[in-house]
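In full-length UniProt numbering, the protein residues as written are 1 to 639.
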């Protein structure tokens with residue numbers, strides 16, 4: 001009886017344990033299944049969100065376990081990264097374009113050259129004549145050439161977007177990167193084809209023939225999106241610790257990379273840019289560009305201003321702070337790049353370099369330009385672009401978006417330059433709410449800090465409110481009511497543009513863009529809405545325009561209200577604007593107050609300022625000019 005009772009209880013206990021175990025197994029099984037669903041769902045969400053072409057979605061950055069910045073025991077050994085053998089080999093090269101010298105085509109048809117430049121933005125025949133592996137001039141200073149850098153440096157993903165770039169120019173960019181980047185530092189080159197109209201079978205064959213498949217990766221955009229989204233797509237695909245964004249028409253200099261990435265290796269919130277030298281679009285000559293800092297004007301164009309005294313006082317091989325990152329080439333850690341959450345609300349191109357600059361310098365980072373890193377950049381005549389994107393003026397939209405997010409009370413200085421253009425663009429609060437929240441999350445400093453601490457001298461050249469002008473509007477021949485000075489051709493032509501005589505527009509005070517000139521506070525004649533000023537052409541006595549340099553010199557003009565003449569250069573040179581009637585262009589000639597073709601009137605003048613030329617405007621930099629003008633004033637007062 002007792003034994004039977006015991007057996008019954010034991011059986012009951014076993015059944016209970018079995019039921020509990022079954023429930024436990026079920027719980028474990030369902031928990032595992034739920035966990036797997038969460039993991040798979042999260043993985044699919046991340047994969048979908050992080051797809052290279054899903055640039056409009058938020059990228060979810062997970063720092064790899066192998067990341068350079070997860071390691072703490074980096075060697076502090078310094079080494080010479082120069083490839084001295086390659087430098088010696090290049091020094092012996094001769095031929096078309098070698099050493100960065102200009103290349104000319106004998107008997108080239110000027111009309112053909114013009115056609116090719118219009119189509120490609122540069123002389124592609126010259127590009128085709130030059131070796132893809134050409135030697136370039138070494139513009140580094142002596143300290144840079146001998147400087148050593150950390151041996152243990154992070155690996156780099158070079159990201160190069162392109163659209164319809166000429167094949168030899170694109171290949172030369174790739175060759176220069178592969179030839180002059182230490183293999184130990186180059187993780188990959190990502191070429192992002194922005195849905196080009198041209199076919200690039202030759203590019204793929206070239207990659208295969210040179211056995212670059214392990215280093216060069218191709219990404220095809222599914223529609224033309226512009227460089228902003230193309231760069232973002234490339235960054236989404238990249239696996240390096242550092243991203244190096246680069247235009248598709250550059251040639252990197254010797255030992256260009258270690259100076260760029262060592263500061264980032266020491267502090268992942270540092271962003272670096274090289275000094276950009278210039279490749280001539282007509283003959284591919286490479287010319288040196290002086291060290292300077294980058295800021296912006298109130299048309300949101302990048303501008304260069306002189307180095308500060310403390311920058312000049314430091315060693316010649318040290319990087320210096322720059323308020324703005326010039327967007328064509330810059331290096332940034334992947335970790336910091338994704339922390340800053342690049343604004344995918346910007347479309348096509350324009351203003352993205354300002355957005356990144358403000359984020360870097362106001363949100364815990366620092367931008368540096370390194371004089372030991374040189375990259376030659378081909379400044380083309382045009383940008384491949386749609387003027388409108390979905391019927392939106394995308395440049396105005398981008399500018400206004402950046403202004404609404406970052407400029408605070410200073411945004412009106414941007415809008416006041418083109419009120420009608422910005423008035424047509426609407427930026428909704430909900431569209432920028434995420435970026436506004438990001439500013440709070442990153443504890444970004446206000447824009448006042450930028451102007452007060454980072455670039456106080458910027459406002460001297462580019463004031464919040466424009467300086468009063470000496471004169472502005474159309475410039476008309478005094479005795480011909482229908483004859484005005486006009487820029488020939490497209491306003492992006494630069495070097496080959498001329499000043500011609502053309503029929504005046506209907507509004508003399510506010511003419512169209514090719515006839516709108518400003519005799520500025522700085523004593524130069526600027527083309528309104530641009531960063532260019534009138535200057536005498538290097539090809540003769542005609543006039544063209546180039547970037548305003550604010551140093552007067554060859555951009556110094558003075559208007560004589562008594563004789564109606566426009567003087568070019570100091571008074572002692574006695575040179576004035578004149579008209580070459582045979583060629584219908586503006587030239588420089590010896591001043592003759594009786595000559596009708598030297599007499600001009602502006603659409604609008606500030607009479608009191610012009611009468612007191614010495615007392616108004618920027619300081620005259622030529623001491624002899626000041627003396628001559630004072631003597632002239634004394635002479636007038638005696639008569």
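For glycine and all other residues, C-beta sits at the position ideal for the given N, C-alpha and C. Computed from a predicted structure; not experimentally measured.
Just tell me which of the options has its CA closest to the CA of residue i.
{"i": "residue 454", "options": "123, 512, 360, 636", "result": "360"}
{"i": "residue 600", "options": "183, 399, 474", "result": "474"}
{"i": "residue 71", "options": "138, 265, 25, 227", "result": "265"}
{"i": "residue 149", "options": "429, 373, 426", "result": "373"}
{"i": "residue 460", "options": "626, 305, 242, 127", "result": "305"}
{"i": "residue 164", "options": "177, 423, 224", "result": "224"}
{"i": "residue 293", "options": "370, 236, 54", "result": "370"}
{"i": "residue 614", "options": "559, 261, 180", "result": "559"}
{"i": "residue 442", "options": "396, 419, 365", "result": "365"}
{"i": "residue 247", "options": "114, 378, 124", "result": "378"}
{"i": "residue 197", "options": "212, 205, 585, 222", "result": "222"}
{"i": "residue 602", "options": "260, 612, 507", "result": "507"}
{"i": "residue 238", "options": "73, 411, 333, 167", "result": "333"}
{"i": "residue 102", "options": "411, 86, 137, 319", "result": "137"}
Using C-beta distances below 7 Å, list every residue in its chain close to residue i, excluding the 5 sequence neighbours before and after it, in chain order.
{"i": "residue 574", "result": "590, 591"}
{"i": "residue 300", "result": "351, 354, 399, 414"}
{"i": "residue 245", "result": "159, 231, 329, 330"}
{"i": "residue 565", "result": "576, 591, 593, 598, 599"}
{"i": "residue 488", "result": "497, 498, 500"}
{"i": "residue 446", "result": "408"}
Within the 8 Å Cβ cut-off, does residue i reach chain D?
{"i": "residue 279", "result": "Of the chains in the structure shown, none is chain D; there is only one protein chain."}
Could you check if residue i is buried or exposed, using at least 16 other CB atoms within 10 Å of its CB as the buried criterion?
{"i": "residue 583", "result": "exposed"}
{"i": "residue 82", "result": "buried"}
{"i": "residue 169", "result": "buried"}
{"i": "residue 623", "result": "exposed"}
{"i": "residue 117", "result": "buried"}
{"i": "residue 233", "result": "buried"}
{"i": "residue 375", "result": "buried"}
{"i": "residue 153", "result": "buried"}
{"i": "residue 512", "result": "exposed"}
{"i": "residue 431", "result": "exposed"}
{"i": "residue 588", "result": "buried"}
{"i": "residue 387", "result": "Only weak support is given to the placement of residue 387: the predicted model assigns it a pLDDT of 48, under 50, and the question is left unresolved by the model."}
{"i": "residue 29", "result": "exposed"}
Given residue i, which residues of its chain have a CB within under 6 Å of its CB, disregarding the five upstream and five downstream residues?
{"i": "residue 414", "result": "298, 403"}
{"i": "residue 141", "result": "316"}
{"i": "residue 621", "result": "552"}
{"i": "residue 632", "result": "none"}
{"i": "residue 546", "result": "535"}
{"i": "residue 616", "result": "609"}
{"i": "residue 80", "result": "148"}
Give me, in chain order, the residues of the same chain whose beta-carbon lies closer than 8 Å to that of residue i; leave out the 5 immediate sequence neighbours on both sides.
{"i": "residue 75", "result": "150, 151, 152"}
{"i": "residue 569", "result": "554, 556, 575"}
Would the region 272-281 count as touching the region 189-206 if we require 3 or more Cβ pairs under 8 Å? The answer is no - the region 189-206 does not touch the region 272-281, with fewer than three Cβ pairs under 8 Å.
Can at least three beta-carbon pairs, one atom from the region 303-311 and one from the region 154-162, be found at a separation below 8 Å? no
Within 8 Å, do at least three Cβ pairs link the region 163-182 to the region 320-327? The count of Cβ pairs closer than 8 Å, one atom from the region 320-327 and one from the region 163-182, stays below three, leaving the stretches out of contact.
So, does the region 217-226 touch the region 181-195, judging by three or more C-beta pairs under 8 Å? yes
Taking contact to mean at least 3 C-beta pairs separated by less than 8 Å, is the region 515-529 in contact with the region 540-556? yes
Report yes or no: do the region 463-480 and the region 604-618 share at least 3 C-beta pairs separated by less than 8 Å? yes
Counting only runs of 4+ residues fully inside the UniProt domain "Glycosyltransferase 2-like" (157-301), write out the alpha helix (DSSP H) ranges in chain order. 167-180, 201-209, 227-237, 257-266
Hey, which unbroken runs of the alpha helix (DSSP H) at 4 residues or more fall wholly within the region 385-458? 394-402, 411-415, 419-423, 429-441
Would you call the region 338-351 and the region 424-439 touching, i.e. three or more CB-CB distances under 8 Å? yes
Please list the segments of the alpha helix (DSSP H) lying wholly inside the region 106-145, counting only runs of 4 or more residues, in order along the chain. 110-120, 124-129
Contact between the region 254-270 and the region 283-293: three or more CB pairs below 8 Å? no
Is there contact between the region 51-65 and the region 128-147, where contact requires at least three CB pairs shorter than 8 Å? no
Unbroken stretches of the alpha helix (DSSP H), 4 residues or longer, contained in the region 305-391: Fully enclosed alpha helix (DSSP H) runs of 4 or longer: 309-313, 334-339, 352-362.
Return the chain-ordered ranges of every beta strand (DSSP E) run that is complete within the region 47-98 and spans a minimum of 3 residues. none
Which runs of the beta strand (DSSP E) spanning at least 3 residues fall entirely within the UniProt domain "Ricin B lectin" (473-600), listed in chain order? 483-487, 499-503, 517-519, 525-527, 532-536, 543-547, 557-560, 565-568, 575-580, 585-590
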